[in-house]
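Using numbering that gives the first Met the number 0, read the sequence shown as starting at 0 and increasing by one per residue. We put the CB at the ideal spot given by N, CA and C, even for glycine. These numbers were taken from a predicted model, which means no experiment stands behind them. One structure is given here, and the rest of the page talks about it.
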Amino acid sequence: MTESQGAAVFQDAAVQQVSANARAAQRWSHALMDNFGVPPVELVSGSGAVVTDADGKQYLDLLGGIAVNALGHAHPAIVLAVSEQVATLGHVSNFFTHPTVLALAERLLDISGARDDGRVIFCNSGAEANEAAFKMARLTGRPRIIAAEGAFHGRTMGALAVTGQPAKRMPFEPMPAGVEFVPYGDISALGSVVDDDVAAVFLEPILGEAGVIPAPDGYLAAARGLTAEHGALLVVDEVQTGIGRTGTWFAHTGAGIVPDVITLAKGLGGGLPIGAAIGIGAAAHLLQPGQHGSTFAGNPVCAAAALAVLDTIENDGLLDHVETLGKHIANGVGDLGHPLVDHVRGAGLLLGIVLTENIGPAATLAARDAGFIINAPAPAVLRLAPPLILTIEQADSFVAALPGILQTASGKDPA
Ligand SMILES: Cc1ncc(COP(=O)(O)O)c(C=O)c1O
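Written out as structure tokens, the structure is:
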């Protein structure tokens, strides 16, 4: 063997020793733009609430693609619905309708109680759902839009303009004009800005990306009262909280309000890209022919997946399950009495474990090593947004592992 042949053999052996995850990361960094950072793990398959990586390691998926995989991975109802639909009619243009999108629109109106006075517009993501709402707000002819500090509504320019996180907006300024921000949850701050010049108020029922921060009691009702008094639209962003995530179809239901616009995505498609904005009352008729749309909006395959999600949530009693399991997890974590856990907040299966130290990112890594996927939307908050089909045993396995995860994250030896 020559010297160069020997070097080549040595190199091959070195590459083979690198894990499949590491090889995927290398390929990612050479093929994809750097907008996310390089993901260290390549997931290759999933079943229920469990996913498997390229090196064969299994994880309990407690993040569900960030509140997306409502039925977990490879759920038979979604597999069947999508397979049948793509084998029947995979896509039509907006020049035609099809049975699946009609059925889905009617179901969404039913679950939002707006069968008579609501209308749906479909799109492909949460940002686009809020983009549609933003355009509806503009069509009122009023100049001002109010949104909340810390809120996240998406990355397209309109959705970004109402996102209350300056660092995300700043590189892309100038933003669409007219948006003002108020502290989230502060009724009097909202009262001081809402007047007859306001087109819309955008609110999340729970700030998801800011760290799972629920609206204080009475906040959504006060927002409804103020917007109704001044003829402004109340846009409730249910992209993260909707479709059963909090134990009801929509998180705003508990506040006893009817918004003008509800925006949806994430869990709606159970993993396929679909979003929707539901306009109720006058808001249902703001958009006129030619003013908005998207080639893929209401795509039959995505609509079929969404119908399967809605049917399964209903038929399998998942709303009750989510409520019960969410409380069980919150109580279980609270009962640990762990010094690094301050409290648990959120609703249903959108939970934030609030820590006493800023070890969220380290805890996310420690959890991954221990076989659990979670994330840290804020330095001292761990978010759980698992599939709604998570079992009590799976949830308990995480609660049991949490002390070890936290101790590893804080650099302390397990007790
Ligand atoms: C409340 C909320 N709105 C909108 C979005 C944007 O959704 P998408 O990423 O599908 O554009 C998100 C995403 O995290 C969200 O949490």
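Item: Can you find a heavy atom of ligand 1 that lies under 6 angstroms from the Cβ of PHE151?; Value: yes
Item: Taking the C-alpha atoms as reference points, what is the distance between ASP236 and ILE205?; Value: 9 angstroms
Item: Can you give the Cα-Cα distance for PRO402 and LEU335, rounded to whole angstroms?; Value: 8 angstroms
Item: If you run the structure through DSSP and keep just helix, strand and coil, what is LEU238?; Value: Residue identity check: residue 238 is Val in the sequence provided, not Leu. Coil at VAL238, not helix or strand.
Item: For GLY47, which beta-bridge partners are listed by DSSP?; Value: HIS72
Item: Please report the straight-line C-alpha distance between PRO413 and ILE404, rounded to a whole angstrom.; Value: Residue placement at PRO413 cannot be trusted, given a pLDDT of 47 that sits under 50; the coordinates are not used to answer.
Item: Give me whichever residues DSSP pairs with LEU349 in a beta bridge.; Value: ALA346
Item: Counting C-beta neighbours from all protein chains within 10 Å, is the total for THR390 16 or more, i.e. buried, or is it exposed?; Value: exposed
Item: If you pair each beta-carbon of the region 296-315 with each one of the region 71-81, do three or more pairs fall below 8 angstroms?; Value: yes
Item: Hey, would you say the C-beta of GLY125 is under 6 angstroms away from at least one heavy atom of ligand 1?; Value: yes
Item: Tell me which same chain residues have a C-beta within less than 7 angstroms of the C-beta of ALA283, skipping the five on either side of it?; Value: ASP116, GLY117 and ARG118
Item: On a CA-only basis, which of GLU208, PRO170, ALA166 and ILE328 is nearest PHE151? Give me that one, please.; Value: GLU208
Item: When burial is assigned at 16 or more other CB atoms within 10 Å of the CB, is VAL37 buried or exposed?; Value: exposed
Item: Taking the runs of the beta strand (DSSP E) that are 3 residues or longer, which of them lie wholly in the region 215-261?; Value: 232-236
Item: Between which residues of its own chain and ALA497 is the CB-CB distance below 6 angstroms, once the five residues before and five after are set aside?; Value: In this structure the chain extends from 0 to 414, so residue 497 is not present and cannot be described.
Item: Going along the chain, which residues of its own chain have a beta-carbon closer than 7 angstroms to the beta-carbon of THR99, five neighbours each way excluded?; Value: GLN84, PRO299, ALA302, ALA303 and LEU306
Item: Can you have a look at ASP109 and say buried or exposed, based on whether 16 or more other CB atoms are within 10 angstroms of its CB?; Value: exposed
Item: When you measure from the CB of PRO264 to every non-hydrogen atom of ligand 1, does any distance come out below 6 angstroms?; Value: As written in the sequence, residue 264 is Ala, which differs from the Pro given in the question. The answer is yes for ALA264.
Item: Determine the closest residue to ALA361 out of ALA375, LEU348, VAL353 and THR355, with distance taken between C-alpha atoms.; Value: ALA375
Item: Taking the runs of the alpha helix (DSSP H) that are 4 residues or longer, which of them lie wholly in the region 161-190?; Value: 165-168
Item: Give a yes or no on contact between the region 192-201 and the region 138-147, applying the rule of three or more CB pairs nearer than 8 angstroms.; Value: yes
Item: Quick check: what's the CA-CA separation for PHE133 versus GLU228?; Value: 20 angstroms
Item: Spatial neighbours of ILE415 within its chain, please: CB distance less than 6 angstroms, with the 5 preceding and 5 following residues excluded, ordered by chain position.; Value: The requested residue 415 is not part of the displayed model; the chain covers only 0 to 414.
Item: Measure the alpha-carbon distance for ARG22 versus ILE242 and round it to whole angstroms.; Value: 37 angstroms
Item: So for GLN16, helix, strand or coil by DSSP?; Value: helix
Item: Given a threshold of 16 other Cβ atoms within 10 Å of its Cβ, counted over all protein chains shown, does PRO386 qualify as buried or as exposed?; Value: buried
Item: Could you tell me whether any non-hydrogen atom of ligand 1 is closer than 6 angstroms to the CB of ASP341?; Value: no
Item: Taking 7 angstroms as the cut-off, decide whether the C-beta atoms of ALA66 and LYS265 are in contact.; Value: yes
Item: Look up PRO413 in the DSSP assignment and say whether it is helix, strand or coil.; Value: Note that PRO413 scores 47 on pLDDT, short of 50, meaning its location in the model is unreliable; the coordinates nonetheless yield the value given after this. In the structure shown, PRO413 sits in coil (DSSP, three-state: anything other than H, G, I, E or B).
Item: Cβ-heavy atom distance between GLU130 and ligand 1 below 6 angstroms?; Value: no
Item: Which residue from VAL332, ASN330, GLU105 and VAL238 puts its Cα closest to that of SER124?; Value: VAL238
Item: Along the alpha helix (DSSP H) that carries ASP194, what are the first and last residues, could you check?; Value: Unbroken run through ASP194: none, as it is neither H nor E.
Item: What are the boundary residues of the alpha helix (DSSP H) that GLN290 is part of?; Value: First-last for GLN290: undefined, no H or E at that position.
Item: Going along the chain, which residues of its own chain have a beta-carbon closer than 6 angstroms to the beta-carbon of ALA19, five neighbours each way excluded?; Value: ALA53 and ASP54
Item: Can you determine whether any heavy atom of ligand 1 sits closer than 6 angstroms to the C-beta of GLU148, and answer yes or no?; Value: no
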